[in-house]
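**Q** Have a look at the structure that comes next, please.
Residue numbers (the UniProt record's numbering), protein chains in the order written: chain Y, 1 to 295; chain W, 1 to 308.
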């Protein structure tokens, strides 16, 4: 009896590990594949690569960085990620702190106004018209301002602040601290865990977003890396020209193909995510589970 | 003393509540402008609105554009079909993350479990544009998939996966699964951790094997969570998201990937039909809210608990 059960467990484990192993490989391999493709020799890669890079060449990256639009797009993307994250974190935490103050006038009304904004989805065109009316189109600030106060994050921070001992705030106020200095000196430092979670999610969101760029900004100088990637993926002719230029420039080691260029931009766009990813891991469960806390 | 500091609970507006109130006014303005003002913009759905013109100079057309949804039924039905099929396919496989979480829970080694979780969650954090870029590299003619298939001899020439109308729906469903599996599993992994260990101990005393444990303890323990998430996704059935289908759309497959969100964009931004696009978006929002209220009502009725 006992022996039989053990054997059953053994079969179960094999199947379990096998399926989970396949799923894991399916999730990671595509990232690995684009990476080895991007550092392979472009002409050799064209004949197909599978597990290891063929040859070695960084020419695709060199060609891309010689273009003006890629470094500039990286700059814009980094800028919006930095400013957007700091702005969103400060705005959300400050508002969450305000609505956590029991004496605030019209507190529940103002908090409800914030929560219901989550369920208001007017649609693309009405929002577009408002943004346009505010003269935010063709401006860097359209990346930052509409995302400053996010109802969902505000709920999370407010719940967190309310779990802190109220006596801290009370005693600080007794010592004569005002609303602002309580926020800056007490609430903000104490809310670090939740702030870090929200900062990471905002940063990834900022880096990944491209639709605001597509919809509101047509100026080339404001183009984000994501949209540059999208445009390059869909335009073969520009890349073909670039490859031909490389070809004309001479040596075989300097060759690129449209595909190698596309893959290289993809890798450049993924890289920052991969870099911050290990730091994010501990916030996963926090981030998603706190959503289960009722507003 | 404490009473004095914290102000009177019932006394209405104390002086200490004024500064927080004043400081919150910019936020109130923010929510009004970015969330509520666009709702007022729905009014252009009742006018023949032309970009750049003053609304008062535009012709009032009443429900004309609502009728247009039905007049243009040929197009509307295609968009609705795509939306419902793609949402339906995602609902059909919505149990997969739960099973994945259960399987992951059966792995004894903490390190392996953590690694698998990290690896499978990664795709959730890249944009759909990046997914498009990766898919482009993998499924193109010179990509690894076509290369392997021709080498093994399954195919003679490469197939164009991204431009294949016949498999477009399945391919998109597989991509959503790839991107969301690990992330969606997290909530179930947390729920598994919440199941009382005593239940397992008792089952083991009764001689239950691991499959029996899963069937009689883990799975029933996760079903309430699954049920809530299912209800929420049913209420989201009209919003498949814009990014994925916009990114993967091309002339070959657009007849299959033209979902409501993409349609609204193409009408409004592509063809400058502001009023009609607004009406389609408005109808979508209203039906979604109704579905959400319905889902909540069902949850209350069946589980005696509201979902929000």
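No residue lacks a Cβ here, since even glycine has one placed at the ideal position from N, Cα and C.
Express the C-alpha separation of residue 49(W) and residue 279(Y) in angstroms, rounding to a whole number.
**A** One-based indexing of the first chain puts residue 279(Y) at position 279. One-based indexing of the second chain puts residue 49(W) at position 49. So the alpha carbons of these two residues sit roughly 49 Å apart.
**Q** When burial is assigned at 16 or more other CB atoms within 10 Å of the CB, is residue 123(Y) buried or exposed?
**A** Locating residue 123(Y) in the first chain gives position 123, counting from the first residue. The residue in question, residue 123(Y), is buried, as its Cβ has 16 or more Cβ neighbours within 10 Å.
**Q** Compare the C-beta of residue 149(Y) against all C-beta atoms of chain W and say whether one is closer than 8 Å.
**A** By 1-based counting over the first chain, the position of residue 149(Y) is 149. Output row for residue 149(Y): interface = yes.
**Q** If you run the structure through DSSP and keep just helix, strand and coil, what is residue 279(Y)?
**A** Residue numbering aside, residue 279(Y) sits at position 279 when the first chain is read from its first letter. In the structure shown, residue 279(Y) sits in a helix (DSSP, three-state: H, G or I).
**Q** Please list, in chain order, all residues of the same chain as residue 113(W) whose beta carbon is under 7 Å from its beta carbon, the five residues on each side excluded.
**A** Within the second chain, the letter at position 113 stands for residue 113(W). Excluding positions up to five away in sequence, the list reads 104, 107.
**Q** Would you please verify whether the beta carbon of residue 159(Y) is less than 8 Å from any beta carbon of chain W?
**A** Against the first chain, residue 159(Y) aligns to sequence position 159. Residue 159(Y) does not count as touching chain W.
**Q** Taking the beta carbon of residue 297(W) as the centre, do at least 16 other beta carbons fall within 10 Å, making it buried, or is it exposed?
**A** Against the second chain, residue 297(W) aligns to sequence position 297. Residue 297(W) comes out exposed.
**Q** So what does DSSP say about residue 47(W), is it helix, strand or coil?
**A** In the second chain, counting from the first residue as 1, residue 47(W) sits at position 47. Residue state, collapsed to three classes: strand.
**Q** Do you know offhand how far residue 172(W)'s Cα is from residue 191(W)'s?
**A** Along the second chain, read from residue 1 onward, the residue named residue 172(W) stands at position 172. Along the second chain, read from residue 1 onward, the residue named residue 191(W) stands at position 191. Going from the Cα of residue 172(W) to the Cα of residue 191(W) covers about 28 Å.
**Q** From residue 166(Y) to residue 29(W), what distance separates their C-alpha atoms?
**A** What you label residue 166(Y) is simply residue 166 of the first chain in a count that begins at 1. What you label residue 29(W) is simply residue 29 of the second chain in a count that begins at 1. In a straight line, the C-alpha of residue 166(Y) is about 28 Å away from that of residue 29(W).
**Q** At the level of alpha carbons, what is the spacing between residue 98(W) and residue 185(W)?
**A** Sequence index remark: in the second chain, residue 98(W) carries index 98 (1-based). Sequence index remark: in the second chain, residue 185(W) carries index 185 (1-based). Near 6 Å, if we compare the C-alpha coordinates of residue 185(W) and residue 98(W).
**Q** With respect to the alpha helix (DSSP H) encompassing residue 188(W), which residues constitute its N-terminal and C-terminal limits?
**A** The count along the second chain starts at 1 and reaches residue 188(W) at position 188. Run containing residue 188(W): 168-193, per the alpha helix (DSSP H) assignment.
**Q** Ignoring anything shorter than 4 residues, give me the alpha helix (DSSP H) runs that lie fully in the stretch 92-126 of chain Y, in order along the chain.
**A** List check, alpha helix (DSSP H) in window: 107-116.
**Q** May I have the straight-line CA-CA distance separating residue 91(W) from residue 227(W), to the nearest angstrom?
**A** Along the second chain, read from residue 1 onward, the residue named residue 91(W) stands at position 91. Along the second chain, read from residue 1 onward, the residue named residue 227(W) stands at position 227. Distance between the alpha carbons of residue 91(W) and residue 227(W) is about 12 Å.
**Q** Output the distance between the C-alpha atoms of residue 230(Y) and residue 214(Y), rounded to the nearest integer angstrom.
**A** Within the first chain, numbered from 1, the residue matching residue 230(Y) stands at position 230. Within the first chain, numbered from 1, the residue matching residue 214(Y) stands at position 214. Each residue's alpha carbon lies about 10 Å from the other.
**Q** For residue 288(W), which of helix, strand or coil comes out of DSSP?
**A** Mapped onto the second chain, residue 288(W) falls at position 288. Here residue 288(W) sits in helix by DSSP.
**Q** Looking only at C-alpha atoms, which of 97(Y), 186(Y), 21(Y) sits nearest to residue 20(W)?
**A** Numbered from 1 along the second chain, position 20 holds the residue referred to as residue 20(W). It is 97(Y).
**Q** Out of curiosity, what's the CA-to-CA distance linking residue 230(W) and residue 132(W)?
**A** Within the second chain, the letter at position 230 stands for residue 230(W). Within the second chain, the letter at position 132 stands for residue 132(W). Near 27 Å, if we compare the C-alpha coordinates of residue 132(W) and residue 230(W).
**Q** Kindly say whether residue 84(Y), judged by its beta-carbon, lies nearer than 8 Å to any beta-carbon of chain W.
**A** Translated into positions along the first chain, residue 84(Y) becomes position 84. So no, residue 84(Y) is outside the interface.
**Q** Which word fits residue 255(Y), buried or exposed, when buried means at least 16 other C-beta atoms lie within 10 angstroms of its C-beta?
**A** Counting from one through the first chain, the residue named residue 255(Y) turns up at place 255. Answer is buried; the Cβ neighbour count reaches 16.
**Q** I'd like to know if the stretch 64-78 of chain W and the stretch 150-170 of chain Y are in contact, where contact means that at least 3 CB-CB pairs between them fall below 8 Å.
**A** The stretch 64-78 of chain W, when compared against the stretch 150-170 of chain Y, does not touch it at the 8 Å Cβ threshold.
**Q** Taking 8 Å as the threshold (beta carbon to beta carbon), is residue 73(W) in contact with chain Y?
**A** The residue given as residue 73(W) occupies position 73 in the second chain. Chain Y contact via Cβ: absent.
**Q** CA-CA distance, residue 11(Y) and residue 19(Y)?
**A** Residue mapping note: residue 11(Y) aligns to position 11 of the first chain, counting from 1. Residue mapping note: residue 19(Y) aligns to position 19 of the first chain, counting from 1. Taking the straight line joining both Cα atoms gives about 12 Å.
**Q** I'd like to know whether the C-beta of residue 304(Y) is nearer than 8 Å to at least one C-beta of chain W.
**A** This structure leaves residue 304(Y) out entirely; chain Y is present only between 1 and 295.
**Q** Can you tell me which of the three DSSP states residue 93(W) falls into?
**A** As a position in the second chain, residue 93(W) is number 93, starting the count at 1. Residue 93(W): coil per DSSP, three-state reduction.
**Q** Could you check what DSSP says for residue 56(Y) in three-state terms: helix, strand or coil?
**A** Residue mapping note: residue 56(Y) aligns to position 56 of the first chain, counting from 1. Coil at residue 56(Y), not helix or strand.
**Q** Using a Cβ-Cβ distance cut-off of 8 Å, determine whether residue 19(Y) contacts chain W.
**A** In the first chain, residue 19(Y) corresponds to position 19, counting from 1. Closer than 8 Å to some Cβ of chain W, the Cβ of residue 19(Y) qualifies, so yes.
**Q** Taking the alpha-carbon positions, what's the residue 58(W) to residue 136(Y) distance?
**A** For this step, residue 58(W) is matched to residue 58 along the second chain. For this step, residue 136(Y) is matched to residue 136 along the first chain. Each residue's alpha carbon lies about 24 Å from the other.
**Q** I'd like the ranges of any alpha helix (DSSP H) spanning at least 4 consecutive residues and lying wholly in the stretch 185-259 of chain W.
**A** Those alpha helix (DSSP H) runs which fall completely within the stretch 185-259 of chain W and span 4+ residues are 197-205, 210-213, 219-235, 243-248, 254-257.
**Q** For residue 201(Y), count the other beta carbons within 10 Å of its own beta carbon; 16 or more makes it buried, fewer makes it exposed. Which is it?
**A** Within the first chain, numbered from 1, the residue matching residue 201(Y) stands at position 201. Buried, by the Cβ-count rule.
**Q** Mind checking which residues open and close the alpha helix (DSSP H) that includes residue 162(W)?
**A** Locating residue 162(W) in the second chain gives position 162, where the first residue counts as 1. Counting along the chain, residue 162(W) falls outside any alpha helix (DSSP H), and DSSP gives it neither H nor E.
**Q** Which residues in chain W have a C-beta closer than 8 Å to the C-beta of residue 185(Y)? List them in chain order.
**A** Reading the first chain from its first residue, position 185 is the one you call residue 185(Y). None at all; the shortest Cβ gap to chain W is about 16 Å.
**Q** What residues of chain Y sit near residue 69(W), judged by a beta carbon separation below 9 Å?
**A** Along the second chain, one-based indexing puts residue 69(W) at 69. In chain order: nothing, as chain Y lies at least about 14 Å away.
**Q** Which of the residues in the stretch 168-185 of chain W, read from start to end, lie with their CB under 8 Å from any CB of chain Y?
**A** Flagged, chain order: 178, 181, 182, 183.
**Q** Start and end of the alpha helix (DSSP H) containing residue 47(Y)?
**A** What you label residue 47(Y) is simply residue 47 of the first chain in a count that begins at 1. First-last for residue 47(Y): undefined, no H or E at that position.
**Q** How big is the Cα-Cα spacing for residue 224(W) and residue 94(W)?
**A** Position 224 of the second chain, counted from the start, is the residue given in the question as residue 224(W). Position 94 of the second chain, counted from the start, is the residue given in the question as residue 94(W). Using only the alpha carbons, I get a separation of about 14 Å.
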